[in-house]
Amino acid sequence: MIDLDGVIVDTAKYHYLAWKDLADVLGFEFTEKDNERLKGVSRVRSLEILLEIGRKTLPQSKKDAYLKEKNEAYLDYVNQMTADEILPGVLPILEFLDSKAIPYALGSASKNAPLILEKVGLKNRFNAIVDGNAVSKAKPDPEVFLLAAQELGVEPKNCIVFEDAIAGIQAAKNAGMLAIGIGDKATLTEADYVFNDNTEITTTFLEDLLKK
Numbered sequence: 126m127i128d129l130d131g132v133i134v135d136t137a138k139y140h141y142l143a144w145k146d147l148a149d150v151l152g153f154e155f156t157e158k159d160n161e162r163l164k165g166v167s168r169v170r171s172l173e174i175l176l177e178i179g180r181k182t183l184p185q186s187k188k189d190a191y192l193k194e195k196n197e198a199y200l201d202y203v204n205q206m207t208a209d210e211i212l213p214g215v216l217p218i219l220e221f222l223d224s225k226a227i228p229y230a231l232g233s234a235s236k237n238a239p240l241i242l243e244k245v246g247l248k249n250r251f252n253a254i255v256d257g258n259a260v261s262k263a264k265p266d267p268e269v270f271l272l273a274a275q276e277l278g279v280e281p282k283n284c285i286v287f288e289d290a291i292a293g294i295q296a297a298k299n300a301g302m303l304a305i306g307i308g309d310k311a312t313l314t315e316a317d318y319v320f321n322d323n324t325e326i327t328t329t330f331l332e333d334l335l336k337k
């Protein structure tokens with residue numbers, strides 16, 4: 126199971142810019158540190174967190190309008206993406222999995238995941254894609270990864286998850302899966318293994334992992 130944002134591509138910067146634009150409209154500051162709280166959670170929950178930060182209360186109709194506005198701004202960025210935005214180290218990992226005939230699925234909260242994968246040329250590489258359109262519960266609920274395991278026909282206990290967010294790591298552990306964190310070791314404390322980025326994940330490590 127592989128997460129999208131922060132693992133395969135870095136669309137977090139585009140999310141941040143789109144949310145920041147919305148915060149500017151609402152009249153409060155939204156920093157990159159604030160944006161860390163939005164990692165790995167759904168769009169609806171992200172708006173709730175944003176409003177908590179700005180101490181704003183809005184009627185549902187306004188929330189719906191702002192969610193649409195934010196997503197349109199984000200999609201403007203996404204539509205300009207190319208294969209150059211695949212993060213370093215991703216392709217060697219996929220090539221290793223392909224060489225071992227190990228199926229892999231995307232497990233992402235993003236409803237735009239298929240579009241992003243298509244833009245960067247990876248959509249047809251995945252055996253299954255489970256995104257925000259297919260699930261009703263956001264990470265750390267394990268639904269997205271359990272559904273991905275079901276799609277692959279693999280027992281959860283035999284699955285490995287690559288994640289960069291705390292909520293994603295928790296979702297993996299809640300699903301009974303092994304969790305590999307990509308990012309800060311001090312932050313991703315619940316992961317079984319943590320690497321600063323994908324380039325640190327060697328084929329030797331992956332070979333050893335498969336033997337366990």
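Numbering-wise, the working numbering comes out as the position in the sequence shown, counting from 1, plus 125. Backbone N, C-alpha and C define an ideal beta-carbon position, used for all residues, glycine too.
| Query | Result |
| --- | --- |
| Distance between T329 and K264 (C-alpha atoms, nearest Å) | 30 angstroms |
| Secondary structure of E288, DSSP reduced to three states | strand |
| Residue range of the beta strand (DSSP E) that includes Y318 | Y318 to F320 |
| Pairwise C-alpha distance: I178 and E280 | 39 angstroms |
| The region 238-251 / the region 264-279 touching (three or more Cβ pairs under 8 angstroms) | no |
| Residue from A316, L231, N283 and D128 with nearest C-alpha to K336 | N283 |
| Alpha-carbon to alpha-carbon, G152 and K195 | 15 angstroms |
| Length at least 4, wholly inside the region 147-205: the alpha helix (DSSP H) runs in chain order | 157-160, 168-179 and 185-203 |
| Pair within 8 angstroms by beta-carbon distance, L313 and I291 | yes |
| D201 versus N237, E220 and L176, residue with shortest Cα-Cα distance | N237 |
| Classification of P228 by the beta-carbon crowding that lies within 10 angstroms, buried from 16 upward | exposed |
| For D130, the residue or residues it bridges with in DSSP | V134 |
| Chain-order list of residues whose beta-carbon lies under 7 angstroms from that of L172 (same chain, five-residue window excluded) | K188, Y191 and L192 |
| 6 angstroms CB neighbourhood of K262 in its chain, flanking five on each side removed | E268 |
| Beta-carbon gap between V132 and D317 smaller than 8 angstroms | no |
| Residue nearest to R162 in terms of C-alpha spacing, selected from Y199, W144 and L240 | W144 |
| Selection from E243, G293 and N258 that minimises the alpha carbon distance to D266 | G293 |
| Classification of K310 by the beta-carbon crowding that lies within 10 angstroms, buried from 16 upward | exposed |
| Contact under 8 angstroms by Cβ, V203 with I254 | no |
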